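Right, one structure below, let's go through it.
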Amino acid sequence: MLDMYWTIPVARWSYWSPGAGTPTLPFIEPMVRRRLSVLSKMALHVAHECAAGLSALRVVFASRHGELRRTTDILDSIASNQPVSPTAFSLSVLNAMTGVFGIARRDGSAATAMSAGAETLGYALLEAHAQWSADSSSPVLLVYADEPADARFGAVDDEVRAGALAILLDTSATARLRCRVATSTPDGTAHALEQVEGTRFAVQSDAVVHGLKASGPAAWEGSGRRWQWDGEGAR
1251 MLDMYWTIPV ARWSYWSPGA GTPTLPFIEP MVRRRLSVLS KMALHVAHEC
1301 AAGLSALRVV FASRHGELRR TTDILDSIAS NQPVSPTAFS LSVLNAMTGV
1351 FGIARRDGSA ATAMSAGAET LGYALLEAHA QWSADSSSPV LLVYADEPAD
1401 ARFGAVDDEV RAGALAILLD TSATARLRCR VATSTPDGTA HALEQVEGTR
1451 FAVQSDAVVH GLKASGPAAW EGSGRRWQWD GEGAR
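Residue numbers (this note's numbering): 1251 to 1485.
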């Protein structure tokens, strides 16, 4: 894998952690809202905050585990010969959040859903940048949401932290997020990043949020690659 560098224009960004409680989502119809998981509620909350006042925008939704808890409940029902709710199934797919969000906004713009293991957020930032670079005539909204897998699945390498993050890429950007990724060498170094490594984080999303706060370079390493984010401009 070649070393890569790219810069994201940050017009707005929003972060939500479970410690802040469960979002209320007044913009979602009550019948739909009460069926949503905490994961989807967090994702929809940060997405709504970043999309306020905008008509059409493209969405990139990313999650390592997605609606794993809902899917596990469905499998438990099947194993117990219990009926499975069609609504529960429809909300268990990875792109469920983008559908609910588009319907609530009455926006039929393109939406992408992706997952890439422990590096999901890093590659989602790359996907959002690629879409923005190809066409900057409309905003691109990156939404990342995740929560740790249930203990029944055992230990998970580079496990995620529960939370949701949204970043709006738009021409109105007042800040920038510089992104870099390089292949790590056997001795644990990454030649492209060794001079500007930054503060290391155990969780990828923590490193990205640190960069968005313009608190200095932040680095995360996993899957044989070292990632770095460094923000500048308005926080």
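Idealized CB from N, CA, C, for every residue including glycine. Here the structure is a predicted model, which means the values were calculated and not measured.
Does DSSP classify residue i as helix, strand or coil?
i, result
"P1259", "strand"
"Q1478", "strand"
"E1377", "helix"
"A1312", "strand"
"T1322", "helix"
"G1372", "helix"
"G1269", "helix"
Is the beta carbon of residue i less than 8 Å from the beta carbon of residue j?
i, j, result
"S1365", "S1313", "yes"
"A1423", "Y1394", "no"
"A1219", "T1348", "As shown, the chain starts at 1251 and ends at 1485. That puts residue 1219 outside it, with no answer to give."
"E1369", "S1455", "no"
"L1391", "V1453", "no"
"V1260", "L1371", "no"
Could you spell out the range, first to last residue, of the alpha helix (DSSP H) harbouring residue i?
i, result
"L1415", "Run containing L1415: none in the alpha helix (DSSP H); it sits in the beta strand (DSSP E), G1413 to L1419."
"T1362", "Note, T1362: premise wrong, no alpha helix (DSSP H); beta strand (DSSP E) at A1361 to M1364."
"S1455", "Q1454 to L1462"
"L1304", "Counting along the chain, L1304 falls outside any alpha helix (DSSP H), and DSSP gives it neither H nor E."
"T1348", "A1346 to R1355"
"A1338", "P1336 to S1340"
"R1283", "P1280 to R1283"
Relative to the C-alpha of residue i, which residue among the options is closest?
i, options, result
"L1294", "Y1255, M1281, T1272 and A1368", "T1272"
"E1279", "P1336, V1350 and M1254", "V1350"
"E1486", "R1411, A1374, R1426 and S1327", "The shown model of the chain, from 1251 to 1485, leaves out residue 1486, and the question about it has no answer."
"L1344", "Y1373, F1311, A1384 and A1452", "F1311"
"K1291", "S1305, L1304 and G1316", "G1316"
"Q1381", "V1288, L1418 and A1399", "L1418"
Beta strand (DSSP E) containing residue i: first to last residue?
i, result
"V1393", "V1390 to D1396"
"V1431", "A1425 to T1433"
"E1317", "Segment: none, E1317 is in no beta strand (DSSP E) and carries neither H nor E."
"E1471", "A1468 to G1472"
Quick check on residue i: buried or exposed, where buried means 16 or more other Cβ atoms within 10 Å of its Cβ?
i, result
"F1451", "buried"
"R1284", "exposed"
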